[in-house]
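S.K.: Everything in the sequence shown is counted per this note's numbering, starting at 34 for the first residue and increasing by one.
For every residue, glycine included, the Cβ atom is placed at its ideal position computed from N, Cα and C.
These numbers come from a predicted model, not from an experiment.
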Amino acid sequence: MSAIRSFCIIAHIDHGKSTLADRLMEATGLLTSRDKTEQYLDRMDIERERGITIKAQAVRMRHVHEGVEYELNLIDTPGHVDFTYEVSRSLAACDGALLVVDATQGVEAQTLANLYLALDAGLEIIPVINKIDLPSADPDRVREEIEETIGLDTTDALLVSAKTGIGIEALLTAIIERFPAPRGDRDAPMRALIVDSWWDAYRGVISIVRVVDGRMRPGDRVRLLATGKTYDVLDVGAFAPDALSYPELSAGEVGYLTANVKEVADSKVGDTVALADDANAVPVLGFKEVQPMVFAGVFPSDSVDYPALRDALSKLSLNDASVSWEPESSSALGFGYRLGFLGLLHMEIIQERLEREYDLDIITTAPSVKYQIYQRDGSMALIDNPAKMPDPGGFDFIEEPMIVARIQVPEEFLGAIIKLCQDRRGVQVDLKFPTARRAHLTYKLPLAEIVFGFYDQLKSISRGYASLDYEMAGYERADLVRLDLLVNGERVDALSLITHRSNAFARGRDLCSKMKEEIPPQQFEVAIQAAIGAKIIARTNVKALRKNVLAKCYGGDISRKRKLLEKQKRGKKRLKAVGNVEIPQSAFHAILKLD
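#1: Cβ atoms of G566 and D16: under 8 Å apart, would you say?
#2: What separation, rounded to the nearest whole angstrom, lies between the Cα atoms of A284 and L105?
#3: Along the chain, where does the alpha helix (DSSP H) that runs through Y488 open and close?
#4: In chain order, what residues of the same chain have a beta carbon less than 6 Å from the beta carbon of F332, not counting five sequence neighbours either side?
#5: Grab the span of the beta strand (DSSP E) containing F379 for me, first residue to last.
#6: Taking the straight line between their C-alpha atoms, what separation do you get for L528 and V327?
#7: Among the candidates K196, I241, S240 and D265, whose CA atom is the shortest distance from the CA of R250?
#8: When the distance is taken between beta carbons, is E599 closer than 8 Å to E509?
#9: With DSSP run on the structure shown, which of helix, strand or coil describes L267?
#10: Once DSSP output is grouped into helix, strand and coil, what is the label at M77?
#11: Restricting to runs no shorter than 4 residues, where is the alpha helix (DSSP H) found entirely within the region 447-530?
#12: What first and last residue would you give for the beta strand (DSSP E) that runs through D233?
#13: Whole angstroms are fine: how far does the CA of R38 sit from the CA of Y103?
#14: Please classify C586: does DSSP put it in a helix, a strand, or coil?
#15: Would you identify the three-state DSSP class for L346, choosing helix, strand or coil?
#16: Where does C127 fall in DSSP's three states?
#17: Look at F428 and Q441 and say whether their C-beta atoms are less than 8 Å apart.
#18: Going by the C-beta, is K301 closer than 7 Å to any heavy atom of the ligand HEM?
#19: Taking only three categories from DSSP, how would you classify K164?
#20: Looking at F272 and A91, is the spacing between their C-beta atoms short of 8 Å?
#21: For V287, which residues from the same chain have a beta carbon less than 6 Å from its beta carbon, with the 5 sequence-adjacent residues on both sides left out?
#22: Check whether the region 125-140 and the region 211-231 are in contact - that is, three or more C-beta pairs closer than 8 Å.
#23: Alpha carbons only, please: which of V317, L267, I208 and G217 is nearest the one belonging to A259?
#24: Does DSSP put K568 in a helix, in a strand, or in coil?
#25: What would DSSP say about A539, mapped onto helix, strand or coil?
#26: If we call anything under 8 Å between Cβ atoms a contact, is I201 one with R95?
#27: Please determine, among P443, L387, R439 and M413, the residue with the shortest C-alpha to C-alpha distance to I656.
#28: In or out: M505 buried (at least 16 other Cβ within 10 Å) or exposed?
#29: Helix, strand or coil for N147? Go by DSSP, reduced to three states.
#30: Is the number of C-beta pairs between the region 222-239 and the region 190-207 that are closer than 8 Å three or more?
#31: Apply the 10 Å Cβ neighbour rule to A469 and answer buried if 16 or more other Cβ atoms are within range, or exposed otherwise.
#32: Nearest-angstrom Cα distance between R524 and D275?
#33: In whole angstroms, what separates the C-alpha of V255 from that of W231?
#34: Once DSSP output is grouped into helix, strand and coil, what is the label at G604?
#35: Nearest to L583 by CA position, among R542, A577 and K594, is which residue?
#36: Quick check: the Cα distance between V97 and D220, rounded to an integer number of angstroms?
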């Protein structure tokens, strides 16, 4: 066990984690020049297209140092705030973490958030300053910033360039010399922690495990402590970088396990695998249950696809345990599911994965958050769907979730960012200048305001330089109303949203004008209205398609023409009474773009 090192790479988005993982794999001979692709561990198409890591990946490398061959288990983690859950899971399998900081950008919000997760997990930290080959790199300033903001000693920080390979050998030596070996007893009864799981069409559920004690071999009968179900181990091994079978996995090692697990929900992330006949097995301390922040309805475009959507969600929720889902029905969209996400990017990714990996055509409703509604009798109800909110006067008061947002931004964009936060009903908590040119802004904001385009606006105002990290800060009372959209006099429940009373008029007006663009003209005039309870606050009309009934009437008295027009008018009135307006899918997406 003294020759094993398990570590992960943590950093802000775009600071070079995946590229550094590529260089380490190259230096240890795992990747040949023939296999080489940029960001090798980002296997999903979405990850490659967006240039971000979504799923944590584990890979085993071998490196000889001073005549001893070491086994290095590397876990590449995501950097985006929405995937913090993936990071916390990866840390449970590690003994050390490489903290990568960009030599041009310095310490950013997610650098801090991920570092605190690593410190909470009790990991050894090695600071690594990346991108030193860039002309604008300033490693000395970044060193100072790390010491000032984080309080980490940077005298032995490593300077590397993941792109060109400078400093990689020194980094491998530091990993071996400065990270501790895993602790555990190879002769004790076997226990292993499930770090990640995903569904494979040929082999069933594949789980990445960290063996804490004992040895795991094919043929062992094991029990999953959370569900109590038993299975026979079929295969164990590790990714190097592709799956390789081994005769056993022993304490301290990280590898994969297949055990003919058929049910997607059985292999829970954070669960403990123990021997079936070990009645006294104690669960390994996993990680805290994740709490979804943002909720949205997902419906199949064609109701026939409802069972396919259910199957896709059950497989996807194994691969991404942070998605919560429950059945929901809507009068406008039929049967579907209410999904809980960690944030807006997470929601986008899940939506895209459902469409690509499972070939589904889906409609997603506007995102909302969880509100606490207090009834007149003192009881409290949680609602995550605007359509379920009672009408005005049907409850005592409502509370909305608040967050504390930490924004790091270059000083020249500070004024515009403060205005953005004030417009979103934010309250300033703190403003610091860690360096002369960089501001660290702390704001208390309603989570619902972050959900609608806040991150996009933050990035566009600061030309991409601002970084955001947030955490929950309880619930606060607010004057909130349910804004309904009526099309042809009928409420479309899937387009309802909860907003602050002060923004309701502007939001309603924007919603109506947006819908006017999206709803195609019908044979009759369609009224689009925004309402709070029974009070209409905005309205617009989609003009009717009109056939020229006078085309054949080229002569004669005006009364003949009027008679034809009156007949057309009566027909349109009758159509309007029975007519049904089909709302296109683009209308539901348009709400997400409302600003």
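M.R.: A quick look at the data gives this:
#1: The structure shown does not extend to residue 16, since the chain spans only 34 to 628, so no value can be given for it.
#2: Spanning the two alpha carbons is a distance of roughly 14 Å.
#3: Here the alpha helix (DSSP H) through Y488 covers F487 to I494.
#4: Excluding sequence positions up to five before and after F332, its CB lies within less than 6 Å of the CB of L366, G369 and I396, all in the same chain and listed in chain order.
#5: Sequence check: residue 379 is His here, not Phe. No beta strand (DSSP E) contains H379, which is instead part of the alpha helix (DSSP H) from L377 to E390.
#6: Rounded to whole angstroms, the separation of the alpha carbons of V327 and L528 is 16 Å.
#7: Of the candidates K196, I241, S240 and D265, the one whose C-alpha sits nearest the C-alpha of R250 is D265.
#8: Not a contact, by the Cβ cut-off of 8 Å.
#9: Coil.
#10: Any reading at M77 must be qualified, since the residue scores a pLDDT of 47, below 50, and its modelled position is unreliable; the value itself is stated next. Coil, per DSSP.
#11: Listed in chain order, they are 447-456, 480-484 and 487-494.
#12: Its beta strand (DSSP E) spans residues R224 to D233.
#13: Rounded to the nearest angstrom, the gap between the Cα atoms of Y103 and R38 is 7 Å.
#14: If DSSP states are grouped into helix, strand and coil, C586 belongs with coil.
#15: Correct three-state label for L346: helix.
#16: Correct three-state label for C127: coil.
#17: Between F428 and Q441, the CB-CB gap reaches or exceeds 8 Å.
#18: In the structure shown, the ligand HEM is absent, as is every other ligand, since no ligand is present at all.
#19: The answer is coil: DSSP assigns K164 none of H, G, I, E or B.
#20: Judged by beta-carbon spacing, F272 lies within the 8 Å limit of A91, meaning their Cβ atoms are closer than that value.
#21: Cβ neighbours of V287 within its own chain (closer than 6 Å, five residues either side excluded): S39, A91, N106, A126 and R243.
#22: Three or more pairs of CB atoms, one per stretch, sit closer than 8 Å, so the region 125-140 contacts the region 211-231.
#23: Each of V317, L267, I208 and G217 was checked against the Cα of A259, and the nearest Cα belongs to V317.
#24: Strand at K568.
#25: If DSSP states are grouped into helix, strand and coil, A539 belongs with the helices.
#26: Note that the C-beta distance between I201 and R95 is not below 8 Å.
#27: With the chain covering only 34 through 628, there is no way to say anything about residue 656.
#28: Here M505 is exposed: its Cβ has fewer than 16 other Cβ atoms, across all protein chains shown, within 10 Å.
#29: Collapsing the DSSP output to three states places N147 in a helix.
#30: As far as the Cβ criterion goes, the region 222-239 does not touch the region 190-207, which means the pair count is below three.
#31: Burial call: exposed.
#32: In this model, R524 and D275 are separated by some 53 Å (Cα to Cα).
#33: W231 has its alpha-carbon roughly 19 Å from the corresponding atom of V255.
#34: In this structure, G604 counts as helix in the three-state DSSP scheme.
#35: Closest in C-alpha terms to L583, from the list R542, A577 and K594, comes K594.
#36: Rounded to the nearest angstrom, the two C-alpha atoms are 27 Å apart.
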